[in-house]
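S.K.:
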Amino acid sequence: MVIPNDNFDLTKANHAKQAAYGEMVKVQEKMDALSSSINDQTAEINERQLEFNELKKQQQAEWEKYNTAQLALKEEIGGKITAIKECDALEENFRLMSENADEDRNKAEIYASGANFFARLASEKMIERDQLISKKRSMIRPDTDRSARLLEHLKSLRSERNELLNDYHALKNEFSLKKANFDRMKSKYDAIKNGTEENSYDFRPIILDNLTNKRLLVDAGIPSEYHETCKIEQRSDGKIDIYYGGSLEMKHGHIIMENGKNIFSRDPKPKNTAV
């Protein structure tokens, strides 16, 4: 006859343990999902960072090219300005020499021709200078907007990841609390379970039919309310042990039968009483 344990407290403890475990698992699932999002965010940040670094290198090269061209134009414009000043000075000198050579008409014409030459040359140099200035001003500066936008995007991604990390750490703390609660519930369940097992019977049933069992229990004088929760064992010497009435609060009763007679009897007692 199999003896059912007093499972009421054990069942409640098991339900509490399972509920605590479920809460812990839910938090763990949230952590796993959040961890996946953080990994995805980190991967995108790394990808955008590489893109930003390459873009910065490209822009640096473009700026170096731009600045080199600007410097070359500036030097070329400076050369034109110097040449214009020199032509202006030579024109002025030849004008003066032409004016001072009135008595020698041929010299005056030669000097005047020289002055006109340097005047034309100065005009040409001014046109070339203006063209260079226009070219310098029309040069397109390297685009920095794209890198600036990418940098802002990186900052936004990092900010979002930091928020995710904060949420993850909060969940981690919550998980620690849930796990501590689960450990408490499990310890309580194990304590109750162990206590129940201590008061349950190591059941080794004897081969008796139900009718024989009932007669034996009646002969032993065991109250009928215990009949369904008794444990019957037979020793090798033929004696029969009957245990009944055990629970978390009660020590089980014990009767020993030999040749149909009760040779030992102990009633169930509260555990805080002496045997």
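Just so you know, the sequence shown maps onto residues 313 to 587 in the working numbering. Glycine is no exception: its CB is placed at the ideal position from the N, C-alpha and C atoms. Here the structure is a predicted model, which means the values were calculated and not measured.
Taking only runs that begin and end inside the region 367-401, name each unbroken alpha helix (DSSP H) of 4 or more residues, in chain order.
M.R.: The region 367-401 contains no whole alpha helix (DSSP H) run of 4 or more residues.
S.K.: For Lys551, which option in Ser559, Asn571, Tyr538 has the closest C-alpha, if you only look at C-alpha atoms?
M.R.: When each option's Cα is compared against that of Lys551, the closest is Asn571.
S.K.: Ends of the alpha helix (DSSP H) at Asn574?
M.R.: Unbroken run through Asn574 is the beta strand (DSSP E), 573-578; no alpha helix (DSSP H).
S.K.: Which residues in the same chain as Lys368 place their Cβ atom closer than 7 Å to its Cβ, once the five residues preceding and following it in sequence are excluded?
M.R.: So the list reads Ser459, once near-sequence residues are dropped.
S.K.: Taking the alpha-carbon of Arg496 as reference, which of Leu322, Asp344, Lys329, Gln370 has the nearest alpha-carbon?
M.R.: Ranking the options by Cα distance to Arg496, first place goes to Lys329.
S.K.: Here's a check: name, in chain order, each residue in its chain whose Cβ is nearer than 7 Å to the Cβ of Ala331, leaving out the five neighbours to either side.
M.R.: Closer than 7 Å at the Cβ level, and outside the excluded window around Ala331, lies no residue.
S.K.: For Leu322, name the three-state secondary structure that DSSP assigns.
M.R.: Note: Leu322 maps to helix in three-state DSSP.
S.K.: From Ile357 to Ala381, what distance separates their C-alpha atoms?
M.R.: Distance between the alpha carbons of Ile357 and Ala381: 35 Å.
S.K.: Assess contact between the region 396-406 and the region 434-443, defined as three or more Cβ pairs (one per stretch) separated by less than 8 Å. Is contact present?
M.R.: Contact holds: three or more Cβ-Cβ distances are below 8 Å.
S.K.: What residue from Leu529, Gln546, Arg547 has the CA that sits closest to His539's CA?
M.R.: Comparing Cα positions, the closest option is Leu529.
S.K.: Let me make sure I understand the geometry here. Which of Lys467, Ile554, Gly334 has the alpha-carbon closest to that of Ile534?
M.R.: Comparing Cα positions, the closest option is Ile554.
S.K.: Taking only the alpha-carbon atoms, compute the straight-line gap between Leu402 and Ala427 and give it to the nearest angstrom.
M.R.: Between Leu402 and Ala427, the C-alpha separation is close to 7 Å.
S.K.: Ordered along the chain, which non-local residues of its own chain (more than five positions away) have a Cβ less than 7 Å from that of Met451?
M.R.: The residues are Tyr378, Ala381, Gln382.
S.K.: To the nearest angstrom, how far is it from the Cα of Met409 to the Cα of Glu415?
M.R.: Using only the alpha carbons, I get a separation of about 12 Å.
S.K.: Looking at Ala325: is its Cβ nearer than 7 Å to the Cβ of Lys500?
M.R.: For Ala325 and Lys500, yes; Cβs fall inside 7 Å.
S.K.: Could you have a look at Lys581 and say whether DSSP puts it in helix, strand or coil?
M.R.: Reduced to three states, the DSSP call for Lys581 is strand.
S.K.: With burial defined as no fewer than 16 other Cβ atoms inside 10 Å of the residue's Cβ, what is the status of His564: buried or exposed?
M.R.: His564 should be labelled buried.
S.K.: Who pairs with Ile554 in a beta bridge, going by DSSP?
M.R.: DSSP lists Ile544, Ile567 as partners of Ile554.
S.K.: Taking all protein chains shown into account, decide if Ile575 is buried (16 or more other Cβ within 10 angstroms of its Cβ) or exposed.
M.R.: Exposed: under 16 other Cβ atoms inside 10 Å.
S.K.: In angstroms, rounded to a whole number, what distance separates the CA positions of Tyr333 and Thr323?
M.R.: Looking at the two C-alpha atoms, the distance is approximately 15 Å.
S.K.: Count the C-beta pairs between the region 463-480 and the region 359-373 that are closer than 8 Å, then say yes if the count reaches three, no if not.
M.R.: The region 463-480 is in contact with the region 359-373.
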